[in-house]
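What follows is one structure encoded as structure tokens, with my remarks underneath.
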Amino acid sequence: MQIALLGCGWLGLPLAEACIAEGYKVYGTTTSPEKENILEKAGIRPFRIEILENGIQGSINKLLKGTDVLIVNIPPRLRRSNAGNFVEKTRHIADAAEKNGIEKILFVSSTSVFGDKQSEVTENTVPHPETESGKQLLASEQLLYNSRKFRTTILRFAGLIGEDRHPVHHLAGKKELKNPDAPVNLIHRDDCIGIITTILKQEKWGETYNAAYPDHPARKDYYPRKAKACGLPLPEFDESPSGGKIITSGKLVRDLGYTFRFPIA
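Start counting the sequence shown at 1; every next residue gets the next number (full-length UniProt numbering).
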């Protein structure tokens with residue numbers, strides 16, 4: 001299987017390495033000339049490509065030639081663009097995919113497509129995003145999913161954590177933090193990779209999955225405990241009324257038979 005991976009950053013690079021370990025041929029993109037060597041050393045065929053509002057810079061047709069699966073894993077900074085920007089970029093990706101005969105796309109999305117007032121959220125829950133990035137992501141999901149030219153699986157990750165990345169580093173030592181009773185929705189990077197490779201192996205296309213570790217402690221309980229474990233100053237929460245959603249991954253577990261392996265604790 002030949003995979004084209006748009007975005008070889010914090011999640012994309014180890015994902016590409018995992019795909020290579022499974023025997024897949026991986027073409028990967030970066031916007032940095034310095035990173036091309038890193039990709040090449042990892043066994044990834046590198047392409048310097050940038051997705052812009054007004055088009056795609058770089059050899060997108062060469063990247064997609066002969067590709068069986070396109071994984072769209074655009075860096076989060078692009079999702080913080082102004083209204084409409086990310087959707088336009090996704091439209092250019094869709095056009096290139098259609099032009100090159102791509103039949104399968106995996107779109108890495110986010111649970112931010114759901115609003116915090118939506119309580120317990122399943123894949124059957126109709127999204128009501130409250131943030132601009134959530135609105136852009138939902139529109140991008142729909143653009144890809146509704147195409148008749150290819151089959152798209154949407155994978156909505158909760159907050160990503162890993163050995164060098166965790167919200168506790170941002171919250172440590174802060175006081176009067178809001179939403180003390182809001183549930184935590186997180187997922188470890190290695191589970192993200194495990195889920196994606198499972199989708200590839202099982203050929204699960206035309207699906208939508210939520211992905212969050214199935215433990216949702218309150219923020220006021222989880223983050224002080226995590227800070228203490230990391231040797232960081234404890235965050236302190238106020239007693240304000242809390243709202244928040246719980247992301248459930250029941251469909252993912254049922255369809256894929258996937259077992260989460262990396263606790264958020």
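Each residue gets a CB set at the ideal place from its N, CA and C atoms; glycine is no exception.
Any alpha helix (DSSP H) of 4 or more consecutive residues that is wholly inside the stretch 110–182: 132–145, 168–171
Suppose the cutoff is 6 Å on Cβ atoms and the five residues either side in sequence are ignored; what does the same chain contact list for N146 look like? The residue labelled residue 146 in the question sits at position 146 within the sequence shown. Here the set comprises nothing.
Local Cβ density within 10 Å of R79, reported as buried at 16 or more and exposed below that: One-based indexing of the sequence shown puts residue 79 at position 79. Confidence at R79 is low in this model, with a pLDDT of 45, below 50, so its placement is unreliable and no value can be given for it.
Own chain partners of I114 with C-beta closer than 6 Å, once the 5 adjacent residues on each side are dropped: In the sequence shown, counting from the first residue as 1, residue 114 sits at position 114. Checking the sequence, you will find Phe at residue 114 rather than Ile. Exclusion of the five residues before and after F114 leaves V121, P127, K245 as the residues of its chain whose Cβ lies within less than 6 Å of its Cβ.
Which whole-angstrom value is the C-beta distance of A182 and A158, which I expect to be below 8 Å? For this step, residue 182 is matched to residue 182 along the sequence shown. For this step, residue 158 is matched to residue 158 along the sequence shown. Going by Cβ atoms, the distance from A182 to A158 rounds to 13 Å, so no, they are not a contact pair.
What number of angstroms, rounded off, separates the C-alpha of K41 from the C-alpha of I196? One-based indexing of the sequence shown puts residue 41 at position 41. One-based indexing of the sequence shown puts residue 196 at position 196. Whole-angstrom Cα-Cα distance: 22 Å.
With 16 other CB atoms within 10 Å as the buried threshold, where does H170 fall? Here residue 170 is taken as the residue at index 170 of the sequence shown, counted from 1. So H170 counts as exposed.
As assigned by DSSP and simplified to three states, the class of E50: Reading the sequence shown from its first residue, position 50 is the one you call residue 50. Residue state, collapsed to three classes: strand.
By alpha-carbon positions, which one of V168, N210, I199 ends up nearest to K228? In the sequence shown, counting from the first residue as 1, residue 228 sits at position 228. Nearest of V168, N210, I199 to K228, Cα basis: V168.
Just how far apart, CA to CA, sit S242 and G134? Residue numbering aside, residue 242 sits at position 242 when the sequence shown is read from its first letter. Residue numbering aside, residue 134 sits at position 134 when the sequence shown is read from its first letter. In a straight line, the C-alpha of S242 is about 20 Å away from that of G134.
Reference W205; option with closest CA among H188, I105, V72: The residue you call residue 205 lines up with position 205 of the sequence shown. The shortest C-alpha separation from W205 is found at I105.
Below 7 Å between beta carbons: does that hold for L6 and R189? As a working mapping, residue 6 is identified with position 6 in the sequence shown. As a working mapping, residue 189 is identified with position 189 in the sequence shown. No, Cβ-Cβ distance for L6 and R189 is not below 7 Å.
Measure how close the beta-carbons of Y27 and L52 come, nearest whole angstrom, since I'm counting them as under 8 Å. By one-based count along the sequence shown, residue 27 stands at place 27. By one-based count along the sequence shown, residue 52 stands at place 52. Not quite, the Cβ-Cβ distance comes to about 20 Å (not below 8 Å), so this is no contact.
Since C192 and L232 should fall inside the 8 Å C-beta cutoff, what is the C-beta to C-beta distance between them, to a whole number of angstroms? Start at 1 with the first residue of the sequence shown, and residue 192 comes out as number 192. Start at 1 with the first residue of the sequence shown, and residue 232 comes out as number 232. Not a contact, Cβ separation roughly 24 Å.
Pairwise C-alpha distance: P235 and E176: Start at 1 with the first residue of the sequence shown, and residue 176 comes out as number 176. Start at 1 with the first residue of the sequence shown, and residue 235 comes out as number 235. Near 8 Å, if we compare the C-alpha coordinates of P235 and E176.
What did DSSP end up calling G12 once you bin it into helix, strand or coil? As a first step, residue 12 must be located in the sequence shown, where it is residue number 12. Of the three classes helix, strand and coil, the one that applies to G12 here is helix, per DSSP.
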